[in-house]
Every structure is written in structure tokens, then in C-alpha cells.
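>
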Amino acid sequence: PRHFNAGDLAQAAFCYRAAAGDYTLSMRAARHDAAELLGVDVLDTRITTVVTRSGDTISRVHMQLSVADKRHLEARLPDGAAMWSLSINGRATPPSVRTDAQGRRVFLLPLAQSVTGEMRVQVEFVYVVSAAGGFDMRRPRLEGPLFDVPLKDVHWVLFMPEGMRYDDFEGTLSVNDEL
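Spelled out as C-alpha cells, the structure:
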């Protein structure tokens, strides 16, 4: 940097050097607002669902998180679902519930806080969905919970009644035929 007469470039994002002295570099720079940080990183998500012949389901969700400053994880369960239990770091915890703009329930799962840095947090909850006559054995449809943060390393294990298959998957998960 000194032979460019540019001084200290430790904070520089880009540096250019031309071999010929008559070269002109044209560029336009724009400063953008800082992006909001997520406040939590989902490291691992495991969902296990058992389906009955009548179409009722019970699901266990286990998540490993790295929490910075986020106070609650928002979870939207499938329509007709009821949360049976919630534990944060192994301790039973009641969730708060609010209603979103579409009238759906949003569960606010409280996250443990660290005074400094990030903290590993385990979230585990069990929810059930009653089929209530809306389950078609020829064309079963299963939905998982939705969260307000992106998920990584998602594994969903599905147990179907004997003699029943679930295929023709849609969505963003892929089937692992090796299991």
C-alpha cells in the first residue's frame, strides 16, 4: 500500500492496481443500511411424527440453537394443532401465545439469555394434530411447524401405519431413502 501512496488499507474492501498509468477505473458506490441480525442461529432440527390410521398425528420437535439476543422463537403450528408440552434446556416452560394478522396462533417460545456472547439452547416441544375428518388416506398431507428464523440441518422422521406409504413429497425437504 505504501508504494501506491494510499496509506493504511486495512479496512479497504477492494484494491485495484493498473499496469499502465493512463488507465481510468469507473465505479459507483452505494451505502446500504445495516441488515438486522437474526439474534439466533438454528444449528439442528429433528422432528419425529407418528401418524395413526385415522390421520391423527403426534410430533416431537427438538432444536439446538445458538442464541445471541433473541428473546423468543416464534412458532406457527399446523392448523388444528395443540401444543402438549414445551421445555427449554430440559425445564418445562409455558409458551406465550399471540394471534397474527391472519388470525392464526403464534407460539412465543422463551429463549434463555446469556449476559455475554452466545448461549446454546435446546428447545423441545410436542404437538398433536387431530384429523377431524379432514384426512384422506389415499392422499395424506402433513405439515410441519413454521418458525421466524431459517432452519439448518433438518431431519424429519415419519412413522406411518403398517401397510401405508407416504410418497410424492412436496416442499423443501428431500427424502433420504437410505433410512
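Numbering-wise (this note's numbering), the sequence shown opens with residue -16 and increments by one.
No residue lacks a Cβ here, since even glycine has one placed at the ideal position from N, Cα and C.
Computed from a prediction, not measured in an experiment: that's the story for all the values here.
Bridge partners of glutamine 47, per DSSP?
Counting from 1 along the sequence shown, the entry for residue 47 is found at position 64. Asp27 and Gln105.
> Return the first residue and the last residue of the beta strand (DSSP E) that serine 15 is part of.
The residue labelled residue 15 in the question sits at position 32 within the sequence shown. Note that residue 15 is histidine in the sequence shown, not serine. Where histidine 15 is concerned, there is no enclosing beta strand (DSSP E), given that its DSSP letter is neither H nor E.
> Compare the C-beta of aspartate 5 against all C-beta atoms of chain D and say whether one is closer than 8 Å.
The chain inventory of the structure shown lacks chain D, comprising one protein chain alone.
> For methionine 66, which beta-bridge partners are listed by DSSP?
Within the sequence shown, numbered from 1, the residue matching residue 66 stands at position 83. For methionine 66, which the question treats as bridged, DSSP gives the partners Tyr110.
> Grouping DSSP H, G and I as helix and E and B as strand, with all else coil, what is serine 9?
Taking the sequence shown and counting its residues from 1, one reaches residue 9 at position 26. Reduced to three states, the DSSP call for serine 9 is coil.
> Contact between the region 106 to 113 and the region 58 to 71: three or more CB pairs below 8 Å?
The region 106 to 113 is in contact with the region 58 to 71.
> What is the C-beta distance between leucine 141 and valine 106, in whole angstroms, given that I count them as a contact (C-beta under 8 Å)?
Taking the sequence shown and counting its residues from 1, one reaches residue 141 at position 158. Taking the sequence shown and counting its residues from 1, one reaches residue 106 at position 123. Actually they do not touch by this definition, with Cβ atoms about 21 Å apart.
> Taking phenylalanine 108 as the reference, which of Pro93, Glu101 and Asp39 has the closest Cα?
Residue 108 sits at position 125 when you count from the first residue of the sequence shown. Of Pro93, Glu101 and Asp39, the residue nearest in Cα terms is Pro93.
> Counting beta carbon pairs with one atom in the region 1 to 15 and one in the region 82 to 92, are three or more of them shorter than 8 Å?
Cβ pair count under 8 Å is below three, so no.
> CA-CA distance, arginine 54 and alanine 95?
Working through the sequence shown from its first residue, we reach residue 54 at position 71. Working through the sequence shown from its first residue, we reach residue 95 at position 112. Their backbone Cα atoms lie some 7 Å apart in a straight line.
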